[in-house]
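Under my numbering, the residue at position 203 of the sequence shown is numbered 243, and the numbers go up by one with no gaps.
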Amino acid sequence: MRHWGTRPHGIVISPYRILERKRAGGSLRDAEVRAVVAGAADGSWTDGQLAAFLMAAAIRGLDAEETQSLTLAMLESGEQWDLAADYPTLTDKHSTGGVGDKVSLVLAPLLAACDVPVAMLTGRALGHTGGTADKLEVVPGLDLRLDRARCLDLLEDVGMAIGIATSAIAPADGRLYQLRDQTATVSSLPLITASILSKKLATGAAALVFDVKTGNGAILADKSESKALAELLVETCVSLGRRAGALITDMSQPLGRWVGHAAELKETLECLAGDGPDDLMEVVYALALELGALLQVGLDTIQLDAAISSGLARERFERWAVLQGGDREWLAAPDLSLGKHEYALEAQVGGVLSRVETKTVGRLLGEAAVSSSGPSRQVDPAVALHYGVRLGDRVGAGEDIGRLYLRRADERLADELRRCFVVDEEGISPPLIVERLAAG
């Protein structure tokens, strides 16, 4: 068992030596891992040094002790809110990300409407996946900055809080998260685990559920890798005294009918009004029931149905958004107009939709929506894809598989997207819930 103390005062551990050891495939000591995290938090390590560490960790791997050291060092580098002291049944959910994944936007108000409090610290787009925060910020005036006091106020008033943590939560993760996106190290399991849990454990939720995506639109396309991550997340949480469970869900095609920030927010509101697509609602309900089982609160589909049909779930979303600065009048009649340039994405031949290049779809739409990078990045919410056919469905030659909406004309992009939908003689509809990991 390693000692989890801080570095002895005044001892400087050379970044060069740490990088040299990890590059050669050696295991880092706890103090060395903590030196990396401290350097990320206080700025004493440059972006180049941190990028080198991330690449070495991704290629050479981190063992169980290194991963635990990294997770705990990142967690302990910032505030720990311990919200469960006030809300002992507080829940949280995390998705590894996908294309069209707006599950959190539906799940949080649905749980709140069933008197299950939820606090989610969410993030922005990473790689080809869409970010929950980017979608929510389509609401004019919405302020997603959260601290402990504001989070407690929201839980008291509406039973839910969604936001981006202040830099006081896992401060090292802010830099490392951004650099992972820039250095193609997004898919490293230990780095994913440390990044997720350093924030999730900081809030103090009593129960966590993980939606780990698999398939060609997931960060982890291989099912065995997805399962390994799900197991690592659950086992780590349980070992630290939290209740946790995980679902492995399919991401071999976009989730729901829409991809794009404004379009996905529109679809969220439709879900909360009872008009959600079957695949999206299946995942939402499965995660809600998993959390109910973890907390032993007797949550069932009858309660979930009632929360939606009564209008309470949508009312919770709107109240929460107003409390976080969202424009009340806009929320009453949302202006979610899409780009005026519309392109039909037709099947080139008749047959069965057998494959979607989902990762490419997400990447192309993400690139089309972002007009700049870095801290000043601007996201165009009007870029959208309507996905009207599912894998395994039969389509005729010239029939629409989807429609693309852009603010500026771009026939080249439309052509690239058409090639992402493969029609063949045969195809299957994959199961949406691939596997459930036993709750801990």
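Glycine included, C-beta positions come from ideal geometry on N, C-alpha and C. The structure presented is a predicted model; accordingly, all values stated were derived computationally and were not measured.
Given a cut-off of 8 Å, decide if residue j and residue i are closer than it, judged by their beta-carbon atoms.
i    : j    : result
Y325 : L344 : yes
G406 : V463 : no
A372 : G436 : no
G442 : G428 : yes
A152 : M200 : yes
A98  : S228 : yes
A125 : L161 : no
Would you list the residues sitting across from residue i in a DSSP beta bridge?
i    : result
M321 : M321 pairs with nothing; no bridge assigned.
E196 : DSSP lists no partner for E196.
A253 : Here residue 253 turns out to be Lys, not Ala, going by the sequence shown. DSSP output for K253 lists T289 as bridge partner(s).
G391 : V435
L229 : In DSSP, L229 forms no bridge with anything.
D70  : Beta-bridge pairing links D70 to no other residue.
V410 : V419
T131 : V158 and A247
R476 : L287
Near residue i, what residues of its chain come up, given a Cβ to Cβ distance below 7 Å and the 5 sequence neighbours on each side ignored?
i    : result
V474 : T254, K263, I288, T289 and D290
T129 : V156, P157, A246, L335 and V337
Y127 : P157 and L195
A328 : L147, L150, L151, L339 and L344
So, for residue i: in the same chain, excluding its five sequence neighbours on each side, which residues have a beta-carbon less than 8 Å away from its beta-carbon?
i    : result
A408 : D420, V423, L446, D450 and L453
L59  : Q89, A92, F93 and A96
G26  : Given that the chain is displayed from residue 41 to residue 480, the structure contains no residue 26 and the question cannot be resolved.
S377 : A302 and A422
Measuring alpha carbon to alpha carbon, tell me which residue in the options is nearest residue i.
i    : options                   : result
V278 : S292, K267, L241 and H301 : L241
D375 : D367, H381 and E382       : D367
G481 : R434, L68 and L329        : Absent from the structure is residue 481, since the part of the chain shown begins at 41 and ends at 480.
A303 : W121, L68, G214 and L176  : L176
E116 : S238, Y127 and S54        : S238
C460 : S227, L320 and G257       : G257
V389 : V77, E322, H168 and E439  : E439
P211 : R403, E119 and E355       : E119
G181 : I53, L260, G365 and D70   : G365
F357 : L312, I236 and L393       : L312
S350 : A384, G332, A333 and G314 : G314
R215 : V410, P149, R403 and D87  : D87
E456 : R476, R430 and K399       : K399
L194 : T233, S235, V249 and L123 : L123
T172 : W85, W298 and I202        : I202
A71  : P230, C154 and T107       : T107
W360 : L192, G101, V198 and I53  : V198
P208 : L150, S266, V178 and R185 : Note on identity: in this sequence residue 208 is Ala, with Pro being the wrong assignment. For A208, the nearest C-alpha among the options comes from R185.
R403 : R430, G300, R395 and A284 : G300
L272 : S144, W298, A261 and S235 : S235
Q418 : E196, V178, A478 and R57  : V178
S54  : L260, A64, G79 and R354   : G79
R190 : Y217, R164 and A159       : A159
Just to confirm my understanding: we take residue i, look at its own chain, exclude 5 residues before and 5 after, and list those with CB closer than 6 Å. What are they?
i    : result
P294 : V139, G140 and Y427
H43  : Note that H43 scores a pLDDT of 36, beneath 50, so its modelled location is shaky; the value from the coordinates is reported in the next line. Here the set comprises nothing.
I348 : G314
Using a Cβ-Cβ distance under 8 Å, would residue i count as near chain C?
i    : result
E265 : Structure shown: chain C not included; a single protein chain is present.
- Task: Go through the region 136 to 205 residue by residue and report every complete run of the beta strand (DSSP E) that reaches 3 residues or more, in order.
- Result: Entirely contained in the region 136 to 205, the beta strand (DSSP E) runs reaching 3 residues are, in chain order, 158 to 161 and 200 to 205.
Pick out the complete beta strand (DSSP E) segments inside the region 321 to 387, 3 residues or longer, and give them in chain order. 381 to 386
#### Entry: Every unbroken alpha helix (DSSP H) within the region 415 to 474, with a cutoff of 4 residues, ordered by chain
451 to 458
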